[in-house]
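Numbering (UniProt numbering), first residue to last: 1 to 65. For each residue, glycine too, the CB sits at the ideal point set by N, CA and C. Reading through the structure tokens given below for one structure.
Right, here's the structure in full:
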């Protein structure tokens, strides 16, 4: 888990994200994570929710802007 400060966020808040540091030399920010699990997040969302992001960084998520 890494803490990043999205460029488009003017609120000054940070976001925890999963970064793939192995594939093709590493340095990839994973902006979508879907996993087969007992409780899955509902990805049937509004455009505003996709813009803001949703989910949990340690489970399933869409990073957003």
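60 is the residue among 60, 54, 29 whose C-alpha sits nearest the C-alpha of residue 38. Runs of the beta strand (DSSP E) spanning 3 or more residues and lying entirely within the region 22–63 occur at 28–30, in chain order. When C-alpha distances from residue 46 are compared across 64, 58, 34, the shortest belongs to 64.
For residue 50, the CB contacts under 7 angstroms within the same chain, skipping 5 residues up- and downstream, are 62, 64 in chain order.
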